[in-house]
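Reviewing the structure listed below.
Numbering (my numbering), first residue to last: 16 to 138.
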């Protein structure tokens, strides 16, 4: 028996993962802007980000489709990050990411949707 899919929950997962990636990346680029973001809070943020991404992976093709949809609606860095993380077969954990490569990928592909109206074109 298939597990019921709740589209609004899948959407929340995609939106929250995009938001948390943006917060995480901003903090790493500007660590002094938020003195309350200590190692414990940063670790919790990463755990939440991983959990939202895992939820999207569990949703399978519906999770990827939702990631495409939110990127199409709002082609921002966090949305592109989520889309990319769902598009690779064996994605690394957040702590294992090469952040320079991630940022380079996002910078190189963020405008791809504007040039090609297919959300999957960034993959």
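Even for Gly, the Cβ is constructed at its ideal location relative to N, Cα and C.
Through-space distance from residue j to residue i, alpha-carbon basis
| i | j | result |
| --- | --- | --- |
| residue 80 | residue 71 | 10 angstroms |
| residue 46 | residue 17 | 44 angstroms |
| residue 122 | residue 44 | 15 angstroms |
| residue 75 | residue 98 | 13 angstroms |
| residue 20 | residue 67 | 15 angstroms |
| residue 135 | residue 78 | With a pLDDT of only 43 at residue 135, under the threshold of 50, the placement of this residue in the model should not be trusted; the figure read from the coordinates follows. The straight-line gap from Cα to Cα measures roughly 13 angstroms. |
| residue 115 | residue 107 | 14 angstroms |
| residue 104 | residue 65 | 16 angstroms |
| residue 112 | residue 28 | 20 angstroms |
| residue 138 | residue 124 | Caution is warranted here: a pLDDT of 41 is assigned to residue 138, below 50, making its placement in the model unreliable, and the coordinate value is therefore given only provisionally. If I take the Cα positions, the gap works out to 9 angstroms. |
| residue 49 | residue 59 | 15 angstroms |
| residue 25 | residue 102 | 16 angstroms |
Element boundaries [alpha helix (DSSP H), containing residue i]
| i | result |
| --- | --- |
| residue 119 | 114-124 |
| residue 18 | Counting along the chain, residue 18 falls outside any alpha helix (DSSP H), and DSSP gives it neither H nor E. |
| residue 77 | 76-88 |
| residue 94 | 92-102 |
| residue 66 | 54-73 |
For residue i, the nearest candidate out of the options (CA to CA)
| i | options | result |
| --- | --- | --- |
| residue 100 | 48, 53, 69 and 50 | 69 |
| residue 119 | 95, 108, 33 and 24 | 95 |
| residue 126 | 106, 86, 112 and 104 | 86 |
| residue 23 | 53, 82, 49 and 50 | 82 |
| residue 91 | 21, 37 and 19 | 37 |
| residue 110 | 51, 104, 63 and 73 | 63 |
Beta carbon of residue i nearer than 8 angstroms to that of residue j
| i | j | result |
| --- | --- | --- |
| residue 39 | residue 61 | yes |
| residue 41 | residue 57 | no |
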